[in-house]
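Colleague: Pasting a structure below so you can have a look.
Residue numbers (the working numbering), protein chains in the order written: chain A, 1 to 103; chain B, 104 to 909; chain C, 910 to 1435; chain D, 1436 to 1665.
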């Protein structure tokens, strides 16, 4: 095992990100999609903090990550409300039922 | 002490402008006064009356200033000068006997050159400028005044007659003083009679306007100004002839008068153009500005010796400058082509033809009798129509003998034609109208045969007796309640004594009767005598033109015949229409007084004949060429007789001519007496025997129908052509251009729609189809979109990695 | 007020004045009309102020000023006034005020009407005041559009036809003018300055020694002339005029006859002649002949009309013929101007005739409009006896018609007679033919007056509507009559300011022609 | 050595949790795996000397967000164990795409020389931190600038030890102890996060209200009627 470097954290972030994307793409459950979003955000966060540690980004990376976390919480609250509304309207949480985007 | 010229100018200007002020006041009176008010009439009478007083005092002042030199001539000093124009009798006594008077005194004002050239005859005029209308470089047009004895006489005569007629008109137009004037000659569509508010004020306003314009002509100091007032009298005449605007005949006659005059003015304008272009001035007299004297028209043509300075080949006339030398410009002598000078003369004379109703423009004057009778008296006999003669006389120095020959023949033809028509007319005013034309013909003839003084002499005497006769006829018409046809009158002398006998004075005057063996007669005798004498002298010198003597001689008889016919038919014999006779009455004194005054003047104004004061006054203004014997150099080869002094051509034949004319007149009178009083010969029989001639004369020599066919109809046809050219040629060209454009744009549209639009549509269709086929991708499913995003990122990165070199 | 402000105000005041009209309620017609009258009155007052400040002893441009407008193309906002444009500017203010007063009969969409009217006035003022060819052209077009709409919206039954006819004719003219303008632009040093272009044409420009070539001058002159002759209008470009007049509402007819036609004459004097002296001289005889023909032709055509307005329109064609005649009497013998004073007289007469016609024909159209407002027809043969029921009106109308007839003492006389008098020097034949116009003019005007005003009774429809003019109409009528008399009696009031400018114009044209003539002849000699 | 060990442990946990979230069909289990994954991320933060961040991660994510999600599951599902199946084909496609994306990302990460980039960045934690600048920018702030040169060394030490709470707090108040204010062209403006901080605060408030509004109980039928009427 070599020295833990920036690349290792970035790899973790990438995996999280990809998992999030796949999660979003495959889950029919609305809550699952939300979880995918959280994963994507976390992937990004890992990258930020890693850059904060290993490059001259410094405190900025952490600050941004902090913001992301806060905003993700907010997003989660709103998304949940949206999910509830969706559920109220369609009587299911299956996102495939909501095809209003088709226009 | 102001100079004589300025005083004269001031007095005459006042006399001239007062009627204009009167016109303005009366027009406004019309708006604010009620119609029963005679104020306008009094205003008009006051204006013209004061004008008369001004003119008279101007005349007297002038006479005093010149010590009445004009009235005396070495060989005629026996005559008392107690009458000037016959009305200012006691005003001046001793002046006429002052033989030592210097004519040159009058020249101090503006004619220093007269003394420089002692041989040049003194030119007895004053002139000056009111104001400039325009100035173009060296050319200028202005309003001027020009005063000589002729101006003064004309002024006095015009204002006096106008005053009389104004007063007469107060009575004549009395029935217009109403709110409801019923016109029995107008019939409405519904068969009723036409009634309208009276037009008393308007009538006097028009009369004032006329007086102003007429005096303007007389006072004018340049030909352009004459033209201006020429048109203005035409306007007044138009307004007065068409006074009864509701009568179609009146308005048509007014139009006819105006347009006929315009035809004359067309010639006038051409004459003016020639003069303007060749001479560069319109001025009659010379104009002095400081040290520089600018020659007027008369000086330029005639110089100081009164001779035309014709080049050797006879084709050019040299113009003279103010000092009697040939005028030069840039070293070249100024000349005018002789033919152009003739043309200019004829052109100006054309204006006279129109205004004085000479052949071939004579037809408007009889129609002009549609106006109220005082108008006929003032405008269409005494003054305006005489303005043509006045202009011809004023412009005499510019006329070449050829022009004069033309004038003579025009006058000759006119006097004969008009007299013959007058033989058969039964409308009392029309007889007088034709007589006026005929008498004006006499005057023109006189000018043409160099009887300059005779023409103007006749002008003044004619003005008196003709206005008298018109007023008498007006009195008859008013007395008979607007009956004008003589065939319905007769015996009126019992009921209208004053009118009848004053009329007789006029008739005798115009007929030229005198006591045989003596030379005592009424005014017409002297003046006609002078004309016939001039004509005889002329025809003796130019035997080829004997007609110019025969025609006036014969016509003198005809004149006498138809005038007595008029009097006999109207006043003598027995009434032919009982109704008319019963209702007729003599008029109030406001109408008869002017008759009496005018009768006195008609009888006596020419007192003394050619030795008398009137003639002397007029001849005082005579220009040199009119007095001396002149031989023509042009194509016509005529010789103009001289007529001054005992040795003159005219003097030789004077007694012969007088005798012949008198005989002719007496024959005419006797014939009339036999036909209409004694009834020895039945006029109807003659009429039937010569029915062809009679009809021809009744149709006024068929001039009206001739002109209708020659001018009126073609004008209408041409105007129809013009309109159809617009509608049929120009508009179709435009329309076809427009249609062509529309057609082109249609093609353009077709091209657009098939080709250009086709291309565009193709693009659109392809896009649509592609989009349509891609539509399935948009499922609206969230998860698919995420997938697509991921795929997109992959593809993008893949593309980047493959294309960007490491 | 400084000259710049004054001139700019004169040009733009009407248009600016139109802006607040937008805020008026559409139903407040009276208020809007008064607003419009106030605007035109103010403009007229400004033109009078200009007249006061104008120094008639000078011959050149006064109050001239330039501001770069489109600097890349050398276009300047350049205004100025001289003796030639000054009377026309004042006339424009005058006629606009009167027509605005005559606009009470317009009842449809008053707001739009007034706005277009005021814009039209700006366009007209701009045309007369601009000294930059491009600016001139712009104003020329600015004037065209409102006129199109004014005829096309507020006109009579065939208004669309008339409006399009007017539009097409004028547009064709302006296209030709545009081409000529560009010819001068590219043949000079890219200049639109009219004064500079004229200087080049006369060979007195500081920057250039050579003048425009002969063929170019002839071509440019022909194009410019056609453009202006359409506006004048001269035969054969006149057929838009009767239609436009017949269909246009009364106040617009007044403006059309009173001002718009003058632009043709003004354009010829201001642009066509100074910019191409050789071309002008080349075509002078043709121009004069065309003018004479228009005189006669218009008079004949007027005589055959039964529509009152059409008659007056043709009389305009006839009267404007005198303008063309007066402008063109430029006689040249062997390269030298002969009788320049007579030509000067002709130009003066042409200018005078334009003003006089502006007064008399404005008046005639107004008088026709007064009748039309009452009985709603214009058939001359159905009138008669108007003088009995409307004596006051008939008297004023008679004076105006006599002014049109050319009676001395009224304005129409001086222009006509002087242009004819000036013509003999140029060509006796043309002078004689032109003089015969006086007979025809008298013929048709008197005949018309007889049929309309004289006679015992009115024969047409709506006899009950024939009431005397109201005070507003009387005011217009009296103003016109007073002006007609004023200029008829004291023509020098008008000649004095024009005289210097026209003298300078004839001098420079004569000398420039001589220069060019000399250049041609020396080069042709070996 | 221990750091490496810890890193790999938590990295595997993180990745494994994430993969498990993807792979699991049951929502509640997904939530569990998510907790695992996010908690491991918090541990990774600690490893990266971001103590406060890690704590926040644990508190907010693991403690807040996931609980929220579980609530959501409970509120929406008719039963806690209901599963909405993804079709196998979708799973395969999703996996394939995910793998490809991962490959892309990994290859990008590998292809970048991070050290070089790091050198180009304008400021480093070791950048000069002078007393002058502190005095100038925050004259009154004696809390931080007590020692001049000492503060600089303190700061480096603090960062090494991951105690960044105070610094983060300062930066949210607009103060940047880790930046040289004279550099970077700040033009005297405070380069801190005061404004974003405030914005985020307001944002959170709005979100809370908005979420409450959205999530409130509504009658169902009306909206459908309205749609059909349109």
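In this text, a Cβ means the ideal position worked out from N, Cα and C, and glycines have one as well. Keep in mind that this is a model prediction, so the values were computed, not measured.
The stretch 366–379 of chain B: which residues have C-beta closer than 7 Å to a C-beta of chain C, in chain order?
Modeller: Here the close residues are 366, 368, 369, 372, 373, 375, 376, 377 and 379.
Colleague: According to DSSP, simplified to helix, strand and coil, what is residue 1220 (chain C)?
Modeller: The answer is helix: DSSP assigns residue 1220 (chain C) an H, G or I state.
Colleague: What residue from B:843, B:635 and B:870 has the CA that sits closest to residue 753 (chain B)'s CA?
Modeller: The shortest Cα separation from residue 753 (chain B) among B:843, B:635 and B:870 belongs to B:635.
Colleague: Can you look up residue 1073 (chain C) in the DSSP assignment and give me helix, strand or coil?
Modeller: Looking at residue 1073 (chain C) - three-state DSSP - the assignment turns out to be helix.
Colleague: Once you ignore the five residues that flank residue 272 (chain B) on each side, which residues in its own chain have a CB closer than 6 Å to its CB?
Modeller: Excluding sequence neighbours, residue 272 (chain B) sits near 477.
Colleague: Taking only beta-carbon atoms, is residue 889 (chain B) less than 8 Å away from chain A?
Modeller: Output row for residue 889 (chain B): interface = yes.
Colleague: Going by CA-CA distance only, name the one from A:52, A:44, A:50 and A:53 that's closest to residue 71 (chain A).
Modeller: Considering only alpha carbons, the answer is A:44.
Colleague: Using the DSSP secondary-structure output, state which residues sit across from residue 742 (chain B) in a beta bridge.
Modeller: Its beta-bridge partners are B:734.
Colleague: Helix, strand or coil: which one does DSSP assign to residue 1564 (chain D)?
Modeller: Because the pLDDT at residue 1564 (chain D) is just 38, under 50, the model does not fix this residue reliably, and the value given afterwards should be weighed accordingly. Residue 1564 (chain D): coil per DSSP, three-state reduction.
Colleague: Check the C-beta distance from residue 1306 (chain C) over to residue 1362 (chain C) and give it rounded, since I have them as a contact under 8 Å.
Modeller: Indeed they touch by this definition, with Cβ atoms about 7 Å apart.
Colleague: Are the C-beta atoms of residue 841 (chain B) and some chain D residue less than 8 Å apart?
Modeller: Taking Cβ atoms only, chain D never reaches closer than 8 Å to residue 841 (chain B), which makes this a no.
Colleague: Classify residue 395 (chain B) as helix, strand or coil using the three-state DSSP reduction.
Modeller: Three-state result, residue 395 (chain B): strand.
Colleague: What does residue 886 (chain B) touch in chain A if you count any residue whose Cβ is under 8 Å from its own?
Modeller: Within chain A, the residues near residue 886 (chain B) are 24, 25, 26, 27, 28, 33, 95 and 96.
Colleague: Output needed for residue 745 (chain B): all residues of its chain with C-beta closer than 6 Å, excluding positions within five of it in sequence on either side, in chain order.
Modeller: So the list reads 731, 732, 751 and 752, once near-sequence residues are dropped.
Colleague: At the level of alpha carbons, what is the spacing between residue 1504 (chain D) and residue 1466 (chain D)?
Modeller: Each residue's Cα considered, the two are about 7 Å apart.
Colleague: Can you have a look at residue 314 (chain B) and say buried or exposed, based on whether 16 or more other CB atoms are within 10 angstroms of its CB?
Modeller: Buried: at least 16 other Cβ atoms inside 10 Å.
Colleague: Within the 8 Å Cβ cut-off, does residue 40 (chain A) reach chain B?
Modeller: Output row for residue 40 (chain A): interface = no.
Colleague: Name the chain D residues that come within less than 7 Å of residue 74 (chain A), Cβ to Cβ?
Modeller: The contacting residues are 1638, 1639 and 1642.
Colleague: Can you round the beta-carbon distance between residue 552 (chain B) and residue 641 (chain B) to whole angstroms, since I take them to be within the 8 Å contact cut?
Modeller: Right, the Cβ-Cβ distance comes to about 4 Å (below 8 Å), so this counts as a contact.
Colleague: Figure out for me which residue from C:1057, C:1265, C:1109 and C:1097 has the closest Cα to the Cα of residue 1152 (chain C).
Modeller: It is C:1057.
Colleague: Can you tell which of C:1136, C:949, C:948 and C:964 has its C-alpha closest to the C-alpha of residue 1408 (chain C)?
Modeller: For residue 1408 (chain C), the nearest C-alpha among the options comes from C:964.
Colleague: Count the other CB atoms within 10 Å of the CB of residue 889 (chain B); is the residue buried (16 or more) or exposed (fewer)?
Modeller: By the neighbour-count rule (16 or more Cβ atoms within 10 Å), residue 889 (chain B) is buried.
Colleague: Which residues does DSSP pair with residue 244 (chain B) in a beta bridge?
Modeller: According to DSSP, which records beta bridges pairwise, residue 244 (chain B) is partnered with B:237.
Colleague: Is residue 1650 (chain D) close to chain A, meaning its C-beta is less than 8 Å from at least one C-beta of that chain?
Modeller: By this cut-off, residue 1650 (chain D) is an interface position.
Colleague: Express the C-alpha separation of residue 1473 (chain D) and residue 1496 (chain D) in angstroms, rounding to a whole number.
Modeller: Near 7 Å, if we compare the C-alpha coordinates of residue 1473 (chain D) and residue 1496 (chain D).
Colleague: Give me the chain D residues within the contact set of residue 49 (chain A), using Cβ-Cβ distance strictly less than 7 Å, ordered along the chain.
Modeller: Residues of chain D passing the Cβ test: 1480, 1483, 1485 and 1488.
Colleague: Pull up the DSSP beta-bridge partners for residue 250 (chain B), would you.
Modeller: DSSP, once it has assigned bridges, lists B:229 as partnering residue 250 (chain B).
Colleague: According to the Cβ coordinates, are residue 423 (chain B) and residue 416 (chain B) closer than 8 Å?
Modeller: No, Cβ-Cβ distance for residue 423 (chain B) and residue 416 (chain B) is not below 8 Å.
Colleague: Can you pull the chain D neighbours of residue 893 (chain B), defined as C-beta to C-beta under 7 Å?
Modeller: Near residue 893 (chain B) (Cβ distances below 7 Å), the residues of chain D are 1532 and 1536.
Colleague: Out of B:256, B:401, B:402 and B:426, which one is the CA nearest neighbour of residue 394 (chain B)?
Modeller: Residue 394 (chain B) has its Cα closest to that of B:426, out of B:256, B:401, B:402 and B:426.
Colleague: Residues of chain G with CB closer than 8 Å to the CB of residue 896 (chain B), please, in chain order.
Modeller: Looking for chain G here will not work: the only protein chains present are A, B, C and D.
Colleague: Quick check on residue 854 (chain B) - is its C-beta less than 8 Å from some C-beta in chain D?
Modeller: No, residue 854 (chain B) does not count as interfacial toward chain D.
Colleague: Taking the runs of the beta strand (DSSP E) that are 3 residues or longer, which of them lie wholly in the stretch 1061–1141 of chain C?
Modeller: Counting whole runs of 3 or more residues, the stretch 1061–1141 of chain C contains no beta strand (DSSP E) stretch at all.
Colleague: Please classify residue 908 (chain B) as buried or exposed, where buried requires at least 16 other C-beta atoms within 10 Å of its C-beta.
Modeller: Residue 908 (chain B) comes out exposed.
Colleague: Are the CB atoms of residue 572 (chain B) and residue 492 (chain B) nearer to each other than 8 Å?
Modeller: No; because the gap between Cβ atoms is not below 8 Å, this pair is not in contact.
Colleague: With a threshold of 8 Å between beta carbons, is residue 900 (chain B) in contact with chain D?
Modeller: Judged by the 8 Å Cβ criterion, residue 900 (chain B) is in contact with chain D.
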